[in-house]
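Here's the structure, in structure tokens; my notes come after.
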Amino acid sequence: MRRNQIATVVEVKGAPYEVGFQHGSSAKAKIARFLEIVYSRARQYQPALTNKQHVLKLADKFLPFAQDWAPDLVEELHGLSDGAGISFAEVFALNCYSEVTYSPIASSSTQLMGCTSFVVSGGALSPPSTGPIIGQNEDWGRADSEIFIILKIKPSQGPSILMTTPAGFIGYAGRNSQGIGLVQNGLAATDGRLGVPVAFVARRVLQQERIGDSVDAIVNSHRSLASNYLIAEESGEAFDIETTATDFDIFHVEDDIWTHSNYYFSSKLKALEEKTPSWESAGCNAFRAGRLKNIFRKNYGKINSDLTMDALRDHVNYPRSICRHPDPARALDWETSASIVMPMSQSKTYVTIGNPCNNEFKPFDLG
Ligand SMILES: [Zn+2]
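Note that the numbering used here has the sequence shown beginning at 490, numbered continuously upward.
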């Protein structure tokens, strides 16, 4: 039974403050809900963060790094704060979601992680001449799909951007009018530090006109946390950049099929990988990337957008499957909040809000 959750589309344009103000005023209720989730999850995952002031105080420590590296995005958050009628401190804390919920700065991370991403290209595709298809399942907390929106940004400077993102977030998975697409996976490493929040890095990737500059935005930022950034361009070039806060590894994607989930491929970065008991017990982290790769291998030469959508609905290893569902036995668990498929030779992004197994993919145009 398909539920077809309706996607909220927010279209904004102009200078950074205006972009933020329009975003904030158009998505007030979802931003307020996201803020509740930030407070509640910070408390669940980080025992030291027992009240809102603790969360705000921790988030504020990341602000100088964001201000120094991306003053335009901080300005956008001031607009978002005014538009949503929520204090700047709270809007900034919301944009430190990853930092306050699972940064080792707050305490050791023990949570499971989510997201399964891919890029398929060249001979794997049918017809083989079309540009790459890049996409992912965005796995967040239980019932978080209610805060996801389609955000279309036409900035006064730089490429237009379409992201599928929690409302109020400055940067997440999406594509831009220069033909650059980004998908992401959470990674857990032990070297988290005060630095530029992950959401800011993601947006910088999508602000670029050249894929090399997108890679540069990742590797040359003073990152706060580990993350995986998979970037593909209309021409067929793709890079997977695995990061910790203090180090990175760049994979130029030369295979026609490339998948990623929530563990390091890089032998160099493996040494920094978080190995708490719940992290290791979550065998699904390795499973999902392998399963997706196998589905694509079996369909080599026949892959099109529809097939990638079907692959994202896969339920082997349920509920910790590619299409992920909460485990009733766990109080804290993840599920697929949104699913995206971006054929880079077309202008359309196909999105489900909620699990792709019970929601139809709908097309959204960047323009
Ligand atoms: Zn499902």
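Ideal placement from N, C-alpha and C gives every residue a C-beta, glycine not left out.
Within 8 Å, strictly: CB atoms of residue i and residue j
| i | j | result |
| --- | --- | --- |
| residue 738 | residue 757 | yes |
| residue 548 | residue 656 | no |
| residue 753 | residue 676 | yes |
| residue 829 | residue 625 | yes |
| residue 713 | residue 681 | yes |
| residue 659 | residue 688 | yes |
| residue 530 | residue 630 | yes |
| residue 544 | residue 528 | yes |
| residue 858 | residue 796 | Here the chain has residues from 490 to 856 only, and residue 858 is not among them. |
| residue 826 | residue 634 | yes |
| residue 604 | residue 751 | yes |
| residue 806 | residue 780 | yes |
| residue 627 | residue 653 | yes |
| residue 734 | residue 715 | yes |
| residue 602 | residue 774 | yes |
| residue 846 | residue 777 | no |
| residue 570 | residue 580 | yes |
Residues bridged to residue i [DSSP beta-bridge criterion]
| i | result |
| --- | --- |
| residue 626 | 605, 828 |
| residue 739 | 730 |
| residue 852 | 839 |
| residue 749 | 606 |
| residue 670 | 664, 721 |
| residue 644 | 503 |
| residue 655 | 637 |
| residue 823 | 630 |
| residue 716 | 675, 732 |
| residue 694 | Answer by DSSP bridge pairing: none, since residue 694 is not bridged. |
| residue 650 | 642, 665 |
| residue 792 | 614 |
| residue 762 | 678 |
| residue 497 | 638 |
| residue 685 | 712 |
Neighbourhood of residue i by C-beta, 7 Å cutoff - its chain only, sequence neighbours within 5 removed
| i | result |
| --- | --- |
| residue 523 | 583, 636, 655, 656, 657 |
| residue 769 | Low per-residue confidence applies at residue 769: pLDDT is 41, beneath 50, and the placement is therefore not dependable, though the value from the model is reported in the following sentence. Around residue 769: no qualifying Cβ. |
| residue 742 | 608, 727, 728, 729 |
| residue 563 | 555, 556 |
| residue 794 | 622, 830, 832, 839 |
| residue 788 | 796 |
| residue 691 | 660, 661, 671, 673 |
| residue 665 | 648, 649, 650, 695 |
| residue 578 | 545, 549 |
| residue 698 | 648, 667 |
| residue 683 | 550, 551, 554, 594, 713 |
| residue 745 | 609, 610, 611, 612, 613 |
| residue 782 | 746, 748 |
| residue 518 | none |
Nearest-angstrom Cβ-Cβ length linking residue i and residue j, presumed shorter than 8 Å
| i | j | result |
| --- | --- | --- |
| residue 568 | residue 790 | That belief does not hold up - the Cβ atoms of residue 568 and residue 790 are roughly 48 Å apart, past 8 Å. |
| residue 667 | residue 648 | 5 Å |
| residue 520 | residue 575 | 6 Å |
| residue 565 | residue 661 | Rounded, the Cβ-Cβ distance is 14 Å, inconsistent with contact. |
| residue 623 | residue 831 | 5 Å |
| residue 877 | residue 493 | As shown, the chain starts at 490 and ends at 856. That puts residue 877 outside it, with no answer to give. |
| residue 731 | residue 755 | 5 Å |
Own chain partners of residue i with C-beta closer than 6 Å, once the 5 adjacent residues on each side are dropped
| i | result |
| --- | --- |
| residue 606 | 625, 672, 674, 719, 749 |
| residue 708 | 737 |
| residue 514 | 572 |
| residue 614 | 792 |
| residue 722 | 668, 669, 700 |
| residue 852 | 837, 839 |
| residue 844 | 812, 825 |
| residue 784 | 800 |
| residue 693 | 706 |
| residue 814 | 808, 824 |
| residue 868 | The structure shown does not extend to residue 868, since the chain spans only 490 to 856, so no value can be given for it. |
| residue 856 | none |
Cut-off 8 Å between Cβ atoms - residues of its own chain near residue i, not counting five sequence neighbours on either side
| i | result |
| --- | --- |
| residue 499 | 511, 512, 515, 516, 638, 639, 640, 641, 656 |
| residue 685 | 551, 554, 555, 558, 559, 710, 711, 712, 713 |
| residue 725 | 610, 611, 620, 621 |
| residue 508 | 501, 502, 565, 568, 642, 644 |
| residue 816 | 808, 809, 822 |
| residue 561 | 505 |
TODO: Let me have the residue list for ligand 1: C-beta closer than 5 Å to any non-hydrogen atom, ordered along the chain.
DONE: Counting every residue whose Cβ lies closer than 5 Å to a heavy atom of ligand 1, we get 812, 844, 846.
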